[in-house]
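K.L.:
Which chain is which? The protein sequence lines are A and B, in order.
All residue numbers for the first sequence refer to this note's numbering, where the first residue is -17 and numbers rise by one.
All residue numbers for the second sequence refer to this note's numbering, where the first residue is -17 and numbers rise by one.
2 protein chains.
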Amino acid sequence: MSNQEALDQYDVKKYRTPDGYTSDIAVFTIVSEKNADYKPSKMTLKLMLIKRAKQNNEKQVNIEADKWALPGGFVQDDETAFEAAGRELFEETGVSKIHLKHFGIYDKPGRDPRGWIISNAHYAIVSSQQLAQRKADDDAAEVALFSMEKVYNLNLAFDHRQIIKDAFAVIKQDLLLTTVAKNFLPEQFTYSELQSVLLTVTDDSAISSDASFARKIKSLPFIEVVEGKKTQRTSKIPTQLYRFVHMDADIIKPIYTARY
Amino acid sequence: MSNQEALDQYDVKKYRTPDGYTSDIAVFTIVSEKNADYKPSKMTLKLMLIKRAKQNNEKQVNIEADKWALPGGFVQDDETAFEAAGRELFEETGVSKIHLKHFGIYDKPGRDPRGWIISNAHYAIVSSQQLAQRKADDDAAEVALFSMEKVYNLNLAFDHRQIIKDAFAVIKQDLLLTTVAKNFLPEQFTYSELQSVLLTVTDDSAISSDASFARKIKSLPFIEVVEGKKTQRTSKIPTQLYRFVHMDADIIKPIYTARY
DNA sequence: GATAATAATTAACGTTTTGTTAAATAAAAA
DNA sequence: TTTTTATTTAACAAAACGTTAATTATTATC
Chain A
-17 MSNQEALDQY DVKKYRTPDG YTSDIAVFTI VSEKNADYKP SKMTLKLMLI
33 KRAKQNNEKQ VNIEADKWAL PGGFVQDDET AFEAAGRELF EETGVSKIHL
83 KHFGIYDKPG RDPRGWIISN AHYAIVSSQQ LAQRKADDDA AEVALFSMEK
133 VYNLNLAFDH RQIIKDAFAV IKQDLLLTTV AKNFLPEQFT YSELQSVLLT
183 VTDDSAISSD ASFARKIKSL PFIEVVEGKK TQRTSKIPTQ LYRFVHMDAD
233 IIKPIYTARY
Chain B
-17 MSNQEALDQY DVKKYRTPDG YTSDIAVFTI VSEKNADYKP SKMTLKLMLI
33 KRAKQNNEKQ VNIEADKWAL PGGFVQDDET AFEAAGRELF EETGVSKIHL
83 KHFGIYDKPG RDPRGWIISN AHYAIVSSQQ LAQRKADDDA AEVALFSMEK
133 VYNLNLAFDH RQIIKDAFAV IKQDLLLTTV AKNFLPEQFT YSELQSVLLT
183 VTDDSAISSD ASFARKIKSL PFIEVVEGKK TQRTSKIPTQ LYRFVHMDAD
233 IIKPIYTARY
């Protein structure tokens, strides 16, 4: 018998199936408070949340209305959860070509009172300029940025508290173990700009010490000097610019060979 | 209006919903070829696959029959995909309390000819003894272990080729960046046993050099000496045993502070 | 019973990297 | 002209590394 015959016999309704398949996105941005000219700015990692409207598009009372939530929505049957996340993020913020990563599935029975609804969690990295732009375009829904400490005081929808906690853990790990930090930086950056990004998630002394980090950055195989290019963004004296080099494989440095 | 009213108005059938929600498991084991007494054994990382039966439980022609596939099945509406993976693994191998981790979602439209079927990918670590046990109990379905190289020559079901590729990448990364290696080892182990496990996924010279690795293992904060305990499993001269210490937080060593 | 063989472990040592403190630099601000 | 400041280099002792060789404790062999 052929595969086709097997297919014809297959009864798709044999098992109960989910009532919904959704994607949510933890949108991260780094806001930098520029204190003065010729100074590196203090950076803070923030998460964008939206306040759920009282009514949905059909003018009905919205589920989990008035609570803060991750942006997201239902996955269509012609796309993956990852593609849906990209689409929804574009609808919400107007930005595409941003860093987006799937990091987990949230499917505990009862997590959504509407039924058996599965959520795919993603995180995205968007520049604060891009977010500011969106805010100006559309102020229908309330949108705000929260630091890691402030976010847990909010009244959060569904199981978003847990998703957010996991999202912060994942982005912290990725910032330190991969080169995603590049998405928070301009294409060319100074050692202190990269340092500031990393210090939003770590207090490692090898990173926080200027002398150590400025010396170390020159020997990292995934970062290169931009020959002869300097900037005065962060200091009076012209400062060397660096850029990430394209790597086709991830860098994996075993915990068994690190220094402690 | 209350949340309850919102719930009553909510129409669960507004969006098309998936036709199936499944969990698949990449079951890894390490087989060690013991060449002789008083010698460390050569270890190889292998993946367990099952050959899909010609007929399903209802005596119908099975979908993707005769192809090799990851064990798995449908998630029930009272459990998470992760719980389903644990249940299915127990049904399949008879083992519980093994290391199990969700690592991805596979939901590309068309990936399964039966309809819109979403697969949750997990990997599990099972000792080869536990697998050998199962083989003896039930030889109805064909089960076999394949090395990373051999597996890609097989006729694989659905999109399992991609899932397997990703599973190998994830376990490689986890073996080097976390302490999951402990699940491949007895509670107490020699430096060469740990070394052999790591060498199944890396050829890092700091790990493959005996002198370096034997010196280094003593300074790792997540491994401790078992005072006064030695074994002759791997050498004529009694060899020091080590164990992993329980850590409540993951070790994260930034790529920005590593040596290159 | 002496000798060879072997995996684990330590020693030895020159090289590299680190942590730290201090000095040098170059431009702006006072 | 002097002060200020972020960056960068220098200097140097301490730590860690890569490597080769020696030591150890046992089993296997003769």
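Where is the CB? At the ideal position from N, CA and C, for every residue including glycine.
Quick caveat, the model's predicted, so the values are computed rather than measured.
With H, G and I counted as helix, E and B as strand and the rest as coil, what does DSSP make of R93 (chain A)?
P.N.:
On the first sequence, residue 93 (chain A) is found 111 positions in, with the first residue counted as 1. Here R93 (chain A) sits in coil by DSSP.
K.L.:
Consult DSSP for N135 (chain B) and reduce its assignment to one of helix, strand or coil.
P.N.:
Counted from its first residue, the second sequence places residue 135 (chain B) at position 153. DSSP places N135 (chain B) in helix when its eight states are reduced to three.
K.L.:
Does any CB atom of chain B fall closer than 8 Å to the CB of T221 (chain A)?
P.N.:
Translated into the one-based positions of the first sequence, residue 221 (chain A) becomes position 239. Answer no: the Cβ-Cβ gap between T221 (chain A) and chain B never drops below 8 Å.
K.L.:
Can you tell me which of A:A240, A:M229 and A:V179 puts its alpha carbon nearest to the alpha carbon of S244 (chain A)?
P.N.:
As shown, chain A starts at -17 and ends at 242. That puts residue 244 (chain A) outside it, with no answer to give.
K.L.:
Helix or strand or just coil, what does DSSP make of I146 (chain A)?
P.N.:
Here residue 146 (chain A) is taken as the residue at index 164 of the first sequence, counted from 1. Helix at I146 (chain A).
K.L.:
Can you tell me the Cα-Cα spacing of G68 (chain A) and N165 (chain A), whole angstroms?
P.N.:
Here residue 68 (chain A) corresponds to residue number 86 of the first sequence, with the count starting at 1. Here residue 165 (chain A) corresponds to residue number 183 of the first sequence, with the count starting at 1. G68 (chain A) and N165 (chain A): Cα-Cα distance of roughly 16 Å.
K.L.:
What is the rounded straight-line gap between the Cα of T213 (chain B) and the Cα of T184 (chain A)?
P.N.:
The residue given as residue 213 (chain B) occupies position 231 in the second sequence. The residue given as residue 184 (chain A) occupies position 202 in the first sequence. Answer to the nearest angstrom: the Cα atoms are 41 Å apart.
K.L.:
Suppose you measure from the CA of E206 (chain A) to the CA of Q177 (chain A); what does that come to, to the nearest Å?
P.N.:
Your numbering for residue 206 (chain A) matches position 224 in the first sequence. Your numbering for residue 177 (chain A) matches position 195 in the first sequence. Approximately 15 Å, taken between the alpha carbons.
K.L.:
Quick one: which chain B residues come within Cβ less than 9 Å of N102 (chain A)?
P.N.:
The residue labelled residue 102 (chain A) in the question sits at position 120 within the first sequence. Result: I87 and D89.
K.L.:
Assign T75 (chain B) to one of three DSSP states: helix, strand, or coil.
P.N.:
Numbered from 1 along the second sequence, position 93 holds the residue referred to as residue 75 (chain B). Helix, per DSSP.
K.L.:
Measuring CA to CA, which of B:L113, B:D192 and B:L158 is closest to S174 (chain B)?
P.N.:
Translated into the one-based positions of the second sequence, residue 174 (chain B) becomes position 192. Among B:L113, B:D192 and B:L158, the Cα nearest to that of S174 (chain B) belongs to B:D192.
K.L.:
So with CB distances below 9 Å, who are the chain B contacts of F166 (chain A)?
P.N.:
Against the first sequence, residue 166 (chain A) aligns to sequence position 184. Within chain B, no residue comes near F166 (chain A); the closest Cβ sits about 14 Å away, beyond 9 Å.
K.L.:
K49 (chain B) and N137 (chain B) - do their beta-carbons sit closer together than 8 Å?
P.N.:
Here residue 137 (chain B) is taken as the residue at index 155 of the second sequence, counted from 1. Here residue 49 (chain B) is taken as the residue at index 67 of the second sequence, counted from 1. Cβ distance < 8 Å, so N137 (chain B) and K49 (chain B) count as in contact.
K.L.:
Measuring CB atoms only, is the region 50 to 59 of chain A touching the region 21 to 41 of chain A, in the sense that at least three cross pairs come out at less than 8 Å?
P.N.:
Touching, yes.
K.L.:
Which partner residues does F10 (chain B) have in the DSSP bridge list?
P.N.:
Here residue 10 (chain B) corresponds to residue number 28 of the second sequence, with the count starting at 1. For F10 (chain B), which the question treats as bridged, DSSP gives the partners B:L29 and B:I107.
K.L.:
Please report the straight-line C-alpha distance between E131 (chain B) and V125 (chain B), rounded to a whole angstrom.
P.N.:
If you number the second sequence from 1, residue 131 (chain B) lands on position 149. If you number the second sequence from 1, residue 125 (chain B) lands on position 143. Looking at the two C-alpha atoms, the distance is approximately 18 Å.
K.L.:
So the candidates are A:Y242, A:N38, A:Q112 and A:V152; which of them puts its Cα closest to the Cα of G76 (chain A)?
P.N.:
Here the question's residue 76 (chain A) lines up with position 94 in the first sequence. Considering only alpha carbons, the answer is A:Q112.
K.L.:
Which word fits A114 (chain B), buried or exposed, when buried means at least 16 other C-beta atoms lie within 10 angstroms of its C-beta?
P.N.:
Taking the second sequence and counting its residues from 1, one reaches residue 114 (chain B) at position 132. Under this definition A114 (chain B) is an exposed residue.
K.L.:
Could you tell me whether the Cβ of K235 (chain B) comes closer than 8 Å to any Cβ of chain A?
P.N.:
Position 253 of the second sequence, counting from 1, holds the residue named residue 235 (chain B). With 8 Å as the cut-off, K235 (chain B) counts as an interface residue toward chain A.
K.L.:
Just to make sure I have the definition right: I need the residues of chain B whose C-beta is within less than 9 Å of the C-beta of H84 (chain A). Which are they?
P.N.:
What you label residue 84 (chain A) is simply residue 102 of the first sequence in a count that begins at 1. Going along chain B in sequence order, the residues near H84 (chain A) (Cβ under 9 Å) are G86 and I87.
K.L.:
Please compile the residues from chain B whose C-beta is within a distance smaller than 8 Å of the C-beta of R(-2) (chain A).
P.N.:
Position 16 of the first sequence, counted from the first residue, corresponds to residue -2 (chain A). Here the neighbours are Q58 and D59.
K.L.:
Chain B beta carbons: is any one of them nearer than 8 Å to that of S201 (chain A)?
P.N.:
Numbered from its first residue, the first sequence carries residue 201 (chain A) at position 219. Yes, S201 (chain A) counts as interfacial toward chain B.
K.L.:
My understanding is that I234 (chain B) touches L159 (chain A), with C-beta atoms under 8 Å, so please give their C-beta distance in whole angstroms.
P.N.:
If you number the second sequence from 1, residue 234 (chain B) lands on position 252. If you number the first sequence from 1, residue 159 (chain A) lands on position 177. Contact holds; Cβ gap of about 7 Å.
K.L.:
Our contact map puts N17 (chain B) next to I87 (chain A) with C-beta atoms below 8 Å; I'd like the distance itself, whole angstroms only.
P.N.:
By 1-based counting over the second sequence, the position of residue 17 (chain B) is 35. By 1-based counting over the first sequence, the position of residue 87 (chain A) is 105. The Cβ separation is near 43 Å, so there is no contact.
K.L.:
Strictly below 8 Å CB to CB, what residues from chain B border Q155 (chain A)?
P.N.:
As a first step, residue 155 (chain A) must be located in the first sequence, where it is residue number 173. D232 and I234, listed in chain order.
K.L.:
My output table needs one value for E169 (chain B): the three-state DSSP class, helix, strand or coil.
P.N.:
The sequence position of residue 169 (chain B) within the second sequence is 187, counting from 1. Of the three classes helix, strand and coil, the one that applies to E169 (chain B) here is coil, per DSSP.
K.L.:
Going along chain B in order, which residues have a C-beta closer than 8 Å to the C-beta of G54 (chain A)?
P.N.:
If you number the first sequence from 1, residue 54 (chain A) lands on position 72. By Cβ distance, chain B contributes nothing, its closest Cβ being about 13 Å from G54 (chain A), past 8 Å.
K.L.:
G54 (chain A) bridges to which residues according to DSSP?
P.N.:
Position 72 of the first sequence holds residue 54 (chain A). Beta-bridge pairing links G54 (chain A) to A:D6.
K.L.:
Using a threshold of 8 Å, state whether the C-beta atoms of D148 (chain A) and F85 (chain A) are closer than that.
P.N.:
As a first step, residue 148 (chain A) must be located in the first sequence, where it is residue number 166. As a first step, residue 85 (chain A) must be located in the first sequence, where it is residue number 103. Yes, they are a contact pair.
K.L.:
Among the residues of its own chain, which have a CB less than 6 Å from the CB of S78 (chain A), if the five just before and after it don't count?
P.N.:
Here the question's residue 78 (chain A) lines up with position 96 in the first sequence. Excluding residues within five positions, the ones whose Cβ falls inside 6 Å are F72.
K.L.:
Please name the residue in A:S190, A:T4, A:G92 and A:P203 whose C-alpha comes closest to that of K24 (chain A).
P.N.:
Sequence index remark: in the first sequence, residue 24 (chain A) carries index 42 (1-based). Taking only the C-alpha atoms, the option nearest K24 (chain A) is A:S190.
K.L.:
From what residue to what residue does the beta strand (DSSP E) around R225 (chain A) run?
P.N.:
Translated into the one-based positions of the first sequence, residue 225 (chain A) becomes position 243. Taken as a continuous stretch (DSSP letters only), the beta strand (DSSP E) holding R225 (chain A) covers T221 to F226.
K.L.:
Sort B:R241, B:D232 and B:P0 by Cα distance to G92 (chain B) and report the nearest one.
P.N.:
Here residue 92 (chain B) refers to the residue found at position 110 when the second sequence is read from its first residue. It is B:P0 whose Cα lies nearest to the Cα of G92 (chain B).
K.L.:
Could you tell me which residues DSSP pairs with Q37 (chain A) in its beta bridges?
P.N.:
Within the first sequence, numbered from 1, the residue matching residue 37 (chain A) stands at position 55. For Q37 (chain A), which the question treats as bridged, DSSP gives the partners A:V43.
K.L.:
Verify whether the separation of the beta carbon atoms of T259 (chain A) and D89 (chain B) is less than 8 Å.
P.N.:
Summary: the structure shown does not reach residue 259 (chain A), with chain A confined to residues -17 through 242, and so no result is reported for it.
K.L.:
Buried or exposed: D232 (chain B), going by 16 or more other Cβ atoms within 10 Å of its Cβ?
P.N.:
The residue labelled residue 232 (chain B) in the question sits at position 250 within the second sequence. Under this definition D232 (chain B) is an exposed residue.
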